[in-house]
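The numbering of the sequence shown is numbering that gives the first Met the number 0, which starts it at 0 and goes up by one.
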Amino acid sequence: MTEKFVHDVPVRWSDMDAYGHVNNARFLTLYEEARVAMFFVGAREHGLGSFEEGIVIARHEVDYLRPVDYGDPVRIEMWICEQRAASFTVAYELFDDGVLASRAKSVCVPYNLANGHPRRLTEAEREFLRPYLES
0 MTEKFVHDVP
10 VRWSDMDAYG
20 HVNNARFLTL
30 YEEARVAMFF
40 VGAREHGLGS
50 FEEGIVIARH
60 EVDYLRPVDY
70 GDPVRIEMWI
80 CEQRAASFTV
90 AYELFDDGVL
100 ASRAKSVCVP
110 YNLANGHPRR
120 LTEAEREFLR
130 PYLES
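Below is the structure:
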């Protein structure tokens, strides 16, 4: 059974569009906040700080299932649906008031910011990702 990293993200007034719903582009910001919580805060709690040294996004894919209104925080559940030597894909589900409102995926590439190039996942990073890896 795959573990999910769960993070609640507040919806800000500035996330709203002219129709009174969260703007579709802002969903990426909500997903980003949850992803940062996983790879900065969650990884750091496991003694791993290397993700903070650089991750770039190679691809986003978002399915919008229903509008999200301003109000309570949204719950984002994340897991790893694919892992390769030098990339991994985060899968997300965003729930608004307990109802699935969006699904997304982000291809993440560990990146050496100082040298300006992608790098392979370390064994410690693979170990951190393992419980979240979809089997």
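Backbone N, C-alpha and C define an ideal beta-carbon position, used for all residues, glycine too. Because the structure is a prediction, the values reported are computed rather than measured.
Measure the beta-carbon distance from residue i to residue j and round it to whole angstroms, keeping in mind my assumption that it falls under 8 Å.
i: leucine 29; j: leucine 93; result: 7 Å
i: leucine 64; j: alanine 100; result: 6 Å
i: proline 130; j: glutamate 44; result: Proline 130 to glutamate 44, Cβ: 13 Å. No contact.
i: phenylalanine 50; j: glutamate 124; result: 7 Å
Answer with buried or exposed for residue i, where buried requires no fewer than 16 other C-beta atoms within 10 angstroms of its C-beta.
i: tryptophan 78; result: buried
i: serine 105; result: buried
i: aspartate 95; result: buried
i: alanine 57; result: exposed
Hey, residue i and residue j: beta-carbon distance below 8 Å or not?
i: leucine 120; j: alanine 85; result: yes
i: tyrosine 91; j: arginine 83; result: no
i: valine 5; j: glutamate 76; result: yes
i: tyrosine 110; j: valine 55; result: yes
i: cysteine 107; j: phenylalanine 87; result: yes
i: arginine 74; j: aspartate 7; result: yes
i: histidine 20; j: proline 72; result: no
Closest Cβ-Cβ distance between residue i and chain B: below 8 Å?
i: glutamate 2; result: The displayed structure is made up of one protein chain only, and chain B is not part of it.
Do you know how far the Cα of residue j is from the Cα of residue i?
i: tyrosine 18; j: alanine 24; result: 14 Å
i: asparagine 114; j: leucine 47; result: 20 Å
i: glycine 97; j: histidine 116; result: 40 Å
i: tryptophan 12; j: glutamate 52; result: 31 Å
i: serine 134; j: cysteine 80; result: 8 Å
i: alanine 42; j: glutamate 31; result: 15 Å
i: methionine 37; j: aspartate 16; result: 27 Å
i: glutamate 22; j: leucine 132; result: Before going further, note that residue 22 is asparagine rather than glutamate in the sequence given. Approximately 30 Å, taken between the alpha carbons.
i: glutamate 122; j: valine 89; result: 18 Å
i: tyrosine 69; j: aspartate 62; result: 19 Å
i: histidine 59; j: arginine 118; result: 20 Å
Whole runs of the alpha helix (DSSP H) within the stretch 11-37, excluding any shorter than 4 residues:
23-35
At 4 residues or longer, and completely inside the stretch 104-132: list those alpha helix (DSSP H) runs for me, N to C.
122-128
Can you list, in chain order, the stretches of the alpha helix (DSSP H) that have 4 or more residues and sit fully within the stretch 66-101?
none
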